[in-house]
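**Q** Residue numbers (this note's numbering): 678 to 739.
1. Kindly indicate which three-state DSSP category residue 720 falls into: helix, strand or coil?
2. On the CB-based measure, 16 or more other CB atoms within 10 Å of its CB, does residue 739 come out buried or exposed?
3. Taking all protein chains shown into account, decide if residue 696 is buried (16 or more other Cβ within 10 angstroms of its Cβ) or exposed.
4. Beta carbon of residue 734, beta carbon of residue 688: below 8 angstroms?
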């Protein structure tokens, strides 16, 4: 199974994906809204889980 932290991170990443694709918010704004103190930390976790940065993800064709 997954650890509670992994489960929470996956949920946060799912929310982040929705916000990245569905809003004009900057990556930093999304990071802060999701409770990250440091946007770089958010970007690092996102890249680890998704395989690309939030900015790269936003440029993908839907």
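From the three backbone atoms N, C-alpha and C, an ideal C-beta is built for every residue, glycine too.
**A** On the basis of the coordinates in this document:
1. Position 43 of the chain shown, counted from the start, is the residue given in the question as residue 720. In the displayed model, residue 720 falls within a helix according to three-state DSSP.
2. Taking the chain shown and counting its residues from 1, one reaches residue 739 at position 62. Looking at its Cβ environment, which holds fewer than 16 other Cβ atoms inside 10 Å, residue 739 is exposed.
3. Counting from 1 along the chain shown, the entry for residue 696 is found at position 19. Its Cβ being crowded by 16 or more others within 10 Å, residue 696 is buried.
4. Start at 1 with the first residue of the chain shown, and residue 734 comes out as number 57. Start at 1 with the first residue of the chain shown, and residue 688 comes out as number 11. Against a cut-off of 8 angstroms, the Cβ pair of residue 688 and residue 734 comes out as no contact.
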